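Visitor:
Residue numbers (our numbering): 1062 to 1286.
1. Please go through the segment 1180-1213 and give each complete beta strand (DSSP E) segment of 3 or more residues, from N-terminal end onward.
2. Can you confirm whether the segment 1264-1274 touches the segment 1221-1239 when touching is taken to mean that 3 or more C-beta pairs between the two stretches lie within less than 8 Å?
3. Which of the three DSSP states is assigned to residue 1221 in this structure?
4. Residue 1166 to residue 1273, Cα distance in whole Å?
5. State the start and end residues of the unbroken alpha helix (DSSP H) segment that holds residue 1264.
6. Which same chain residues, not among the five before or five after residue 1149, have their C-beta less than 6 Å away from its C-beta?
7. Keeping to the same chain, check which residues put their C-beta closer than 7 Å to that of residue 1181; ignore five residues upstream and five downstream.
8. For residue 1197, which residues in the same chain have their Cβ closer than 8 Å to its Cβ, ignoring the five residues on either side in sequence?
9. If I'm right that residue 1246 touches residue 1282 with Cβ under 8 Å, what's the distance once you round it to whole angstroms?
10. Measure the CB-CB distance between residue 1248 and residue 1215 and report whether it falls below 8 Å.
11. Among all the DSSP beta bridges, which residues are the ones paired with residue 1146?
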């Protein structure tokens, strides 16, 4: 998706605005985004976003075929979760590796994967972004490291992240950890994520549940509010 609004590289449209939501108002008073999110939690209000981590992949690497076989069922669940999020006007954000291709856009990455990889095309066909979706290209495992993800989430007034994708024990875990440190409520639906080995996935989910207080209930139990 080529962004026609270069002033805002993370959003499909540049929309200067002054939000009067209670969360932003508290942010202005406290000058602390985490305090604002805490106030929103106390008020019982949750602004959600769905993150789709590293699902655009050509799988042309060591163990790529085995990883694809585990990722494909998760992609089917993510597609349904994404459909429900889009219908509820909950932001969907693709957080994807740039594969060290510094001149590529997300759109060109998607097309390259679809044209050069049979496995990658299957995932693209399931999860091709809608025009209303957002994207972030990341250089490392965490979606927050050296990216504008935090800026985008603040602009959307998000305080709850539903993190999906692969691999559970690497990029999903790193992104969830950084999200929790920044004060976000974290959910990682266990049927929307996968790793090279089932035990790697299970261990990472157990760790996120214990250490990050992440909700790992299946995606069907998520209600968009």
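Glycine included, each C-beta is placed from N, C-alpha and C at the ideal position.
Here the structure is a predicted model, which means the values were calculated and not measured.
Guide: Short version:
1. 1195-1199
2. yes
3. strand
4. 32 Å
5. 1259-1272
6. 1285
7. 1118, 1119, 1120, 1174, 1175
8. 1071, 1154, 1155, 1156, 1157, 1204, 1208, 1209, 1210, 1213
9. About 15 Å; that fails the 8 Å criterion.
10. no
11. Answer by DSSP bridge pairing: none, since residue 1146 is not bridged.
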